[in-house]
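Numbering-wise (the working numbering), the sequence shown opens with residue 914 and increments by one.
Backbone N, C-alpha and C define an ideal beta-carbon position, used for all residues, glycine too.
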Amino acid sequence: MKASELQKERLRLARKLYQTRNELGIKQSDLQKEGIISQSHLSKIENAEINVSAVMLNILAKRYGKDISSFFE
Numbered sequence: 914m915k916a917s918e919l920q921k922e923r924l925r926l927a928r929k930l931y932q933t934r935n936e937l938g939i940k941q942s943d944l945q946k947e948g949i950i951s952q953s954h955l956s957k958i959e960n961a962e963i964n965v966s967a968v969m970l971n972i973l974a975k976r977y978g979k980d981i982s983s984f985f986e
């Protein structure tokens, strides 16, 4: 896979994570207060600045009440 394709996939996943969190009315600061992820780290993930690990993606999916596969639809 080309670097540009990887960036597109990272951006698509970032948007899906952001959209899901907002639809649920969850703030980045809420996840930080719960000890799940720092607000700055989540911001970087949702802005496609860094990759999200499989472990963190699974943790977020569970917190959002979603199956991890829902982020790839």
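Start and end of the alpha helix (DSSP H) containing residue i?
i      : result
Glu959 : 952-959
Asn989 : No statement about residue 989 is possible, as the shown extent of the chain runs from 914 to 986 and does not include it.
Do you know offhand how far residue i's Cα is from residue j's?
i      : j      : result
Lys921 : Phe984 : 14 Å
Ala967 : Ile981 : 9 Å
Ile963 : His954 : 9 Å
Leu930 : Leu919 : 17 Å
Arg976 : Ala916 : 30 Å
Gln941 : Gly978 : 16 Å
Helix, strand or coil: which one does DSSP assign to residue i?
i      : result
Glu918 : helix
Tyr931 : helix
Lys864 : Residue 864 lies beyond the stretch modelled for the chain, which goes from 914 to 986, so this question has no answer here.
Glu986 : coil
Glu936 : helix
Check each candidate in the options and name the one with the smallest Cα separation from residue i.
i      : options                : result
Gln945 : Ile972, Ala916, Ser917 : Ile972
Val965 : Ile950, Ser942, Lys979 : Ile950
Query raised in the report: Using 8 Å as the threshold, is the segment 952-959 in touch with the segment 920-936, meaning 3 or more CB pairs across them?
Result: yes
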